[in-house]
Amino acid sequence: MRPSQALRLWQQVMLSQVRDDAPDLTMRQTAILFTIYLDPPPHTVRGLAARLNVTKPVITRALDTMGALKLVSRHRDELDKRNVLIRRTVEGALFVERFGDGIIAKAHELPI
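Residue numbers (the numbering used here): 2 to 113.
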């Protein structure tokens with residue numbers, strides 16, 4: 002795939018997301034969400050901040066938005082009350098799966 006094709010694919014995926022009724026996530030929120038769903042758990046605010054090289058408040062704000070959309074949930078770690086565990090939800094799993102399906106569909110539409 003050439004860079005222009007990769008950019009065209011990304012453009013088409015983003016346009017389909019904008020046109021869809023799906024939640025309108027920022028690039029940062031999407032990166033956090035995909036990390037939660039594609040990397041093995043457990044996920045903590047501290048761990049996500051380190052993984053994405055951002056501050057804990059950045060993660061917390063993103064999780065606030067994604068929690069309100071029911072894409073993730075947060076729970077206090079029973080073994081270490083200082084940690085907040087981020088858990089996947091059915092709604093979030095469906096969102097990520099549909100996003101992946103959209104990428105595949107748009108890739109098939111690319112001219113060879």
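Glycine included, C-beta positions come from ideal geometry on N, C-alpha and C.
Can you tell which of Ile-87, Glu-110 and Pro-112 has its C-alpha closest to the C-alpha of Ile-60? Ile-87
Given 8 angstroms as the limit, tell me if Leu-70 has its C-beta closer than that to any heavy atom belonging to the ligand NAP. Ligands displayed in this structure: none; no statement on the ligand NAP is therefore possible.
According to the Cβ coordinates, are Arg-29 and Ala-51 closer than 9 angstroms? no
In the DSSP assignment, find the unbroken alpha helix (DSSP H) run with Val-1 in it and report its ends. Coverage of the chain is limited to positions 2 through 113, which leaves residue 1 absent and any answer about it impossible.
Beta-carbon of Pro-43 versus every beta-carbon of chain D: anything under 9 angstroms? Looking at the structure shown, chain D is missing, and only one protein chain is on hand.
In the structure shown, what three-state DSSP assignment does Leu-86 receive? strand
What is the rounded straight-line gap between the Cα of Pro-58 and the Cα of Phe-100? 26 angstroms
Does the count of Cβ pairs from the segment 29-38 and the segment 63-72 closer than 8 angstroms reach three? yes
Met-2: buried (16+ other C-beta within 10 angstroms of its C-beta) or exposed? exposed
On the CB-based measure, 16 or more other CB atoms within 10 Å of its CB, does Leu-80 come out buried or exposed? exposed
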